[in-house]
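Novice: The listed protein sequences derive, respectively, from chains F and X.
According to this note's numbering, the first sequence is numbered sequentially starting from 80.
According to this note's numbering, the second sequence is numbered sequentially starting from 80.
Glycine included, C-beta positions come from ideal geometry on N, C-alpha and C.
Note that the coordinates shown come from a computational prediction; the quantities given were computed from them, not determined experimentally.
Before we start, here is the structure in question, set down as structure tokens.
2 protein chains.
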Amino acid sequence: MDRRQRKTRELIFNAFILLLSKKHYNAITVGEIIELANVGRATFYSHFETKDFLLKELCIELFSHLFNAENDGDNDGIFNCDIHGNVFLHLFKHVKENDNNIRKLLTSKNNELFVEYFKGEVTKLFKERLLDFIDKKPASIPQEFWLNHITSTFIETLRWWIETKMKQTPEVIYNYFLELI
Amino acid sequence: MDRRQRKTRELIFNAFILLLSKKHYNAITVGEIIELANVGRATFYSHFETKDFLLKELCIELFSHLFNAENDGDNDGIFNCDIHGNVFLHLFKHVKENDNNIRKLLTSKNNELFVEYFKGEVTKLFKERLLDFIDKKPASIPQEFWLNHITSTFIETLRWWIETKMKQTPEVIYNYFLELI
DNA sequence: AATATTATTGAACAAAGTGTTCAGTATTAA
DNA sequence: TTAATACTGAACACTTTGTTCAATAATATT
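Printed below as a string of structure tokens:
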């Protein structure tokens, strides 16, 4: 990819992230983004079809290393942690220590699109590790319902934790989560 | 209130509800609403400041009888049910039998505003009846967190039920809910 | 270093939506 | 019947969106 393209992409991403932490997703206009990024209008539209696509590509940029990491070395993908699957504890830690972006996006308003993306990824994680939680499932309820429940509970827990300023350690909040389910 | 006002209010509400079941909240324009309602543009704006206010007033219109009913007779407010507080079972029943509007609104896209309203009302209900559920709370977790959790779980359960076409009876889905918490 | 390719620019553009205004008309309440 | 009030519809300024295009700049290719 042309160096110019990489440059403008990054300028746009940075401007967008900055705006996301200042105002609702719906309230952000393409005009504001390009003004802050110092980029022509036509340039923006040659990179991204719409604002929604910008968000989508930003998610891939920011989180694909987390969710899609193969076991190929020294990245910090979710799958490369303490052998036996404290994936979710790892995620709490990751959010606390590195990932201000997840914090911003998960608590920003009018951002159904991101929540949908994030929930989709987390659902995949739980699906792959469903057996680790299957013993907690009451026998009577359907598995699809259970999957939806633990995923939602995880995300709500994470959101609550972020919104109340992350006063607990990742370990404590992870135990809260385990006690809920 | 002038009969003319009541008439246009109802025309607008009906048009809005119809549109909500056909497209995303964000995609609905004032132009469409007034065209469908057969009402002048100026009239719309003399009734409602913005589309968001329209939604807000629609919620009050549709659900205040549910959530704010005092014990004053033959309404079907949430508080006027089987003495000992199966409020939530009652809500499941209500949604299944009478309330196509909650169904539409709770599963419509780009409708954070409604979900926020609905969650607020349900949170109030749980807060007033927290003692009924307090014995299910693990000792270690904070009460505010617990309140948020059972509220979210209730709403997610309701949403899942609606989205999967309400195949279970209200009693069964209510038991699912109880087993989750 | 010269050239071909590709990205960016800025300005202009149509289209769609928002929210306001106002004079004229119709409906309702008194 | 009259006075008050609600509705109309058309026009308005304004904002935002997404597109187009010729000129210019940066990069890749040889």
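Is the shortest distance between the beta-carbon of E235(F) and the beta-carbons of chain X less than 8 Å?
Specialist: Here residue 235(F) refers to the residue found at position 156 when the first sequence is read from its first residue. Chain X contact via Cβ: present.
Novice: Quick check on DSSP: helix, strand or coil for D214(X)?
Specialist: Within the second sequence, the letter at position 135 stands for residue 214(X). Reduced to three states, the DSSP call for D214(X) is coil.
Novice: Chain X partners of K188(F), CB-CB under 9 Å?
Specialist: Taking the first residue of the first sequence as 1, we reach residue 188(F) at position 109. Going along chain X in sequence order, the residues near K188(F) (Cβ under 9 Å) are E191.
Novice: Quick check: what's the CA-CA separation for R88(F) versus H103(F)?
Specialist: Within the first sequence, residue 88(F) is the residue found at index 9, counting from 1. Within the first sequence, residue 103(F) is the residue found at index 24, counting from 1. Roughly 21 Å separates the two Cα atoms.
Novice: Here's a check: name, in chain order, each residue in its chain whose Cβ is nearer than 8 Å to the Cβ of K206(F), leaving out the five neighbours to either side.
Specialist: Start at 1 with the first residue of the first sequence, and residue 206(F) comes out as number 127. Around K206(F): L226.
Novice: Quick one: measure Cβ to Cβ for I260(F) and T230(F), integer angstroms, because I've assumed they're closer than 8 Å.
Specialist: Translated into positions along the first sequence, residue 260(F) becomes position 181. Translated into positions along the first sequence, residue 230(F) becomes position 151. In this structure I260(F) does not touch T230(F) by the C-beta definition: roughly 10 Å separates them, more than the 8 Å allowed.
Novice: Say whether chain X places a C-beta atom closer than 8 Å to the C-beta of Y253(F).
Specialist: Walking along the first sequence from the start, residue 253(F) turns up at place 174. No, Y253(F) lies away from the interface with chain X (no Cβ there is under 8 Å from its Cβ).
Novice: Is there at least one Cβ from chain X nearer than 8 Å to E250(F)'s Cβ?
Specialist: Along the first sequence, one-based indexing puts residue 250(F) at 171. Closer than 8 Å: no.
Novice: Quick check on M80(F) - is its C-beta less than 8 Å from some C-beta in chain X?
Specialist: By one-based count along the first sequence, residue 80(F) stands at place 1. Not closer than 8 Å to any Cβ of chain X, the Cβ of M80(F) fails to qualify, so no.
Novice: Do the segment 124-131 of chain F and the segment 211-222 of chain F meet, that is, are 3 or more Cβ pairs less than 8 Å apart?
Specialist: Judged by Cβ distances under 8 Å, the segment 124-131 of chain F makes no contact with the segment 211-222 of chain F, as fewer than three pairs qualify.
Novice: Check whether the Cβ atoms of I96(F) and I112(F) sit closer than 8 Å, and answer yes or no.
Specialist: Locating residue 96(F) in the first sequence gives position 17, counting from the first residue. Locating residue 112(F) in the first sequence gives position 33, counting from the first residue. With a cutoff of 8 Å on beta-carbon distance, I96(F) and I112(F) are scored as not near each other.
Novice: Answer yes or no: do F256(X) and T243(X) have a C-beta to C-beta separation smaller than 8 Å?
Specialist: Translated into positions along the second sequence, residue 256(X) becomes position 177. Translated into positions along the second sequence, residue 243(X) becomes position 164. Contact check for F256(X) against T243(X) fails: the beta carbons are separated by 8 Å or more.
Novice: Express the C-alpha separation of R238(F) and L185(F) in angstroms, rounding to a whole number.
Specialist: Taking the first residue of the first sequence as 1, we reach residue 185(F) at position 106. Taking the first residue of the first sequence as 1, we reach residue 238(F) at position 159. Straight across, the Cα-Cα distance linking L185(F) with R238(F) is about 7 Å.
Novice: Give the DSSP-derived three-state secondary structure of K172(F) in the structure shown.
Specialist: For the purposes of this step, residue 172(F) is identified with residue 93 of the first sequence, where counting begins at 1. Helix.
Novice: In terms of residues, what are the limits of the alpha helix (DSSP H) holding A116(F)?
Specialist: Your numbering for residue 116(F) matches position 37 in the first sequence. Taken as a continuous stretch (DSSP letters only), the alpha helix (DSSP H) holding A116(F) covers V109 to A116.
Novice: Given a cut-off of 8 Å, decide if F197(X) and P249(X) are closer than it, judged by their beta-carbon atoms.
Specialist: Residue mapping note: residue 249(X) aligns to position 170 of the second sequence, counting from 1. Residue mapping note: residue 197(X) aligns to position 118 of the second sequence, counting from 1. No, Cβ-Cβ distance for P249(X) and F197(X) is not below 8 Å.
Novice: Give the DSSP-derived three-state secondary structure of Y104(X) in the structure shown.
Specialist: Numbered from its first residue, the second sequence carries residue 104(X) at position 25. Look at Y104(X) here: in three-state DSSP terms it is coil, with no helix or strand label.
Novice: Specify the secondary structure class of D178(X) as computed by DSSP and reduced to three states.
Specialist: Here residue 178(X) is taken as the residue at index 99 of the second sequence, counted from 1. Of the three classes helix, strand and coil, the one that applies to D178(X) here is coil, per DSSP.
Novice: Let me make sure I understand the geometry here. Which of V109(F), F123(F) and K188(F) has the alpha-carbon closest to that of K101(F)?
Specialist: Start at 1 with the first residue of the first sequence, and residue 101(F) comes out as number 22. If we check each option's Cα against that of K101(F), K188(F) comes out closest.
Novice: How many angstroms separate the CA atom of L168(F) from the CA atom of M245(F)?
Specialist: Against the first sequence, residue 168(F) aligns to sequence position 89. Against the first sequence, residue 245(F) aligns to sequence position 166. Roughly 14 Å between the two C-alpha positions.
Novice: If you follow the alpha helix (DSSP H) that S219(X) is in, where does it begin and where does it stop?
Specialist: Residue 219(X) sits at position 140 when you count from the first residue of the second sequence. Taken as a continuous stretch (DSSP letters only), S219(X) belongs to no alpha helix (DSSP H), as it is neither H nor E.
Novice: Hey, does S100(X) have any beta-carbon neighbour from chain F nearer than 8 Å?
Specialist: For the purposes of this step, residue 100(X) is taken as the residue at position 21 of the second sequence. Interface criterion not met: the Cβ of S100(X) is under 8 Å from no Cβ in chain F.
Novice: Strictly below 7 Å CB to CB, what residues from chain X border F224(F)?
Specialist: On the first sequence, residue 224(F) is found 145 positions in, with the first residue counted as 1. Under the 7 Å cutoff, chain X gives W239 and Y255.
Novice: Specify the secondary structure class of L209(X) as computed by DSSP and reduced to three states.
Specialist: The residue labelled residue 209(X) in the question sits at position 130 within the second sequence. Note: L209(X) maps to coil in three-state DSSP.
Novice: Taking Cβ to Cβ, would you say L99(F) is nearer than 8 Å to K183(F)?
Specialist: The residue you call residue 99(F) lines up with position 20 of the first sequence. The residue you call residue 183(F) lines up with position 104 of the first sequence. Going by C-beta atoms, L99(F) is nearer than 8 Å to K183(F).
Novice: Hey, L134(F) and L192(F): beta-carbon distance below 8 Å or not?
Specialist: One-based indexing of the first sequence puts residue 134(F) at position 55. One-based indexing of the first sequence puts residue 192(F) at position 113. Yes, they are a contact pair.
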